[in-house]
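Protein chains in written order, with this note's numbering: chain A, 1 to 219; chain B, 1 to 219.
Ideal placement from N, C-alpha and C gives every residue a C-beta, glycine not left out.
There are 2 protein chains.
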Amino acid sequence: MSISPKAALLDEYALVARALSAPARLMLLEQIAQGPRGVEGLAEKTGLSIANTSQHLQTLRRAGLVTSRREGKAVIYTLGDAKALALMDLLRVVADRNLAQVDKILRGLSDGADAPEAVSRDDLAARIAEGSVTILDVRPADEFEAGHIPGATNVALHELDRITANLQPGAEIIAYCRGPYCIYAHQAVVALRNKGFNARRLDGGLPEWREEGRQVVAV
Amino acid sequence: MSISPKAALLDEYALVARALSAPARLMLLEQIAQGPRGVEGLAEKTGLSIANTSQHLQTLRRAGLVTSRREGKAVIYTLGDAKALALMDLLRVVADRNLAQVDKILRGLSDGADAPEAVSRDDLAARIAEGSVTILDVRPADEFEAGHIPGATNVALHELDRITANLQPGAEIIAYCRGPYCIYAHQAVVALRNKGFNARRLDGGLPEWREEGRQVVAV
DNA sequence: ATATCATTCAAGTAATCGCTTGAATGATAT
DNA sequence: ATATCATTCAAGCGATTACTTGAATGATAT
């Protein structure tokens, strides 16, 4: 109580950072960023136990990163602050640029081949208007159904053939998934390029797309 | 070694967040953001022991937030990534908006009086061009000497009178200090407004000013 | 009221963290 | 070489964290 205001403020800022300092909580945030979710669904998606999930969610709530509301007997968690997405993305940017380990992991995903630049969301919006591109949503089906980019086709990574069979060789494809931490889109791009398609990754995922006020449709 | 790439990536991102999750390290970052510093100087400024400071600095380095180089027998730490500043500021923004405790602390600083909006750095640059404003740098003298906004006057909080004696009542004053976590500027603004001056706080501190490529002068 | 379901609380354990103390390293200066 | 100085390493401590298990709470449904 008698600590200086300066120290008290730093304690609060550190509290927010600490909430982001566990991989399990980053996973939960990634899921919540897709849209409001209940505790049980989050536990299932992340593979954490229910009690553990609940505790992590409370840590996130204390940090102001998520909010919760009761709906019947379920408690629904929602992203508490749009800046939470920006915070998650900045963590990624700093790690990507400065940690050798990250570089190694990302290289491992692409078998050493250099991946092309990600497509900006502005560019994708323009392509959608032209109708000149195939958009792949490589998230699990339930997440796709809860909301996706208009015109996108949902496909699992191991079923890419189902889609590519109908495409011209060299066709342009843009893939996206959950957001900054999702690697499905990386993997899809590698697989598609190996098949000879002009595939690229969207910069950011559905949460960033929605956050910018762009259209999202549900099934 | 056999963990999934996804988990490995999240571990790395969490590592960056963890580096930001201790108040002591946020203090160190705030200092390093002012400019390159040695371990001893940082320990002195923060009140941490030398060994403890060194350990915290290594944590920050492992996270890619700072870099170090040897200069003679001293090791100099520098901000490793310009995005580190953005990350620090986002922590503050999220905490300010969502944590009741922060609101309480900031209110405590201003005796309940509502502080005016902070002045943007663009605005301040325009005012400097006009020469129509008094700029106060309320950081310790050594930090001022190491670099400050052109035309700023350095003054300690308890010596504000030394400056205000020469000013017209109602004169416009803009105060700044270290950056997002520094409260000197808040306190200066309150004190000056109580004396009848039209005082406001600059948004951000010297690091943000410099980061934008604006001019910084040393004594 | 009673039962059911989703979530949270409480207690316990192993691992990690922040800090201290004292010794070890690495670069200069004599 | 020897001494000095700044920094880092290593060991040890109390406190905190992530997770588990099992019980308690709170809202619906019967």
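I need the straight-line Cα distance from residue i to residue j, nearest angstrom please.
i, j, result
"A:D122", "A:Q187", "23 Å"
"B:A7", "A:T134", "29 Å"
"A:L167", "A:A126", "21 Å"
"A:E40", "A:V66", "16 Å"
"B:E172", "A:L79", "40 Å"
"B:R69", "A:D111", "34 Å"
"A:A129", "B:N154", "55 Å"
"B:V93", "A:P169", "48 Å"
"B:A19", "A:I163", "43 Å"
"A:G179", "A:E208", "7 Å"
"B:E143", "B:Q34", "7 Å"
"B:M88", "B:L26", "8 Å"
"A:A43", "B:V217", "54 Å"
"B:D96", "A:C177", "31 Å"
"A:L9", "B:Y181", "8 Å"
"A:K45", "A:A74", "16 Å"
"B:T76", "A:D11", "The sequence shown places Ile at residue 76 of chain B, rather than the Thr named in the question. Whole-angstrom Cα-Cα distance: 26 Å."
"A:S120", "B:I50", "46 Å"
"A:L60", "A:L15", "10 Å"
"A:L192", "A:A86", "29 Å"
"B:K104", "A:I3", "14 Å"
"A:L90", "A:E212", "17 Å"
"B:P36", "A:P36", "44 Å"
"A:S54", "A:L29", "13 Å"
Would you mind working out which of the options sits nearest residue i, comparing C-alpha positions?
i, options, result
"A:Q31", "A:L15, A:V16 and A:L48", "A:L48"
"B:A82", "B:A43, B:R210, B:D96 and B:A118", "B:R210"
"B:L206", "B:I163, B:L167 and B:H148", "B:H148"
"A:V102", "B:Q58, B:Q215 and B:P5", "B:P5"
"A:A185", "A:I128, A:A156 and A:G213", "A:A156"
"B:G38", "B:L20, B:A19, B:Q58 and B:E208", "B:Q58"
"B:I174", "B:L160, B:A199, B:E145 and B:K195", "B:A199"
"A:K195", "A:C177, A:L10, A:R178 and A:D161", "A:D161"
"A:R139", "A:S120, A:D96 and A:I183", "A:I183"
"A:Y13", "A:R178, A:R62, A:E143 and A:A146", "A:R62"
"A:V190", "A:L26, A:K45 and A:L106", "A:L106"
"B:L202", "B:E212, B:A141, B:Q215 and B:D137", "B:D137"
"B:P150", "B:L90, B:V219, B:N52 and B:H56", "B:V219"
"B:N52", "B:L192, B:A24 and B:I3", "B:A24"
"B:P227", "B:K104, B:F197 and B:Q55", "Coverage of chain B is limited to positions 1 through 219, which leaves residue 227 of chain B absent and any answer about it impossible."
"A:Q215", "A:L124, A:K104 and A:A86", "A:L124"
Helix, strand or coil for residue i per DSSP?
i, result
"A:S132", "coil"
"B:N154", "strand"
"A:G38", "strand"
"B:V75", "strand"
"A:R139", "coil"
"A:R70", "strand"
"A:V216", "coil"
"A:S54", "helix"
"B:I3", "coil"
"B:A8", "helix"
"A:R178", "coil"
"B:L109", "helix"
"B:A22", "coil"
"B:N194", "helix"
Residues bridged to residue i by DSSP?
i, result
"A:D81", "None, per the DSSP bridge assignment."
"A:A199", "A:I173"
"A:V119", "A:L202"
"B:H148", "B:V217"
Apply the 10 Å Cβ neighbour rule to residue i and answer buried if 16 or more other Cβ atoms are within range, or exposed otherwise.
i, result
"A:S132", "exposed"
"B:A165", "exposed"
"A:G64", "buried"
"A:A17", "buried"
"A:D114", "exposed"
"A:H158", "exposed"
"A:A100", "exposed"
"A:G108", "exposed"
"B:G72", "exposed"
"A:E145", "exposed"
"B:A152", "buried"
"B:A22", "buried"
"A:G204", "buried"
"A:A84", "buried"
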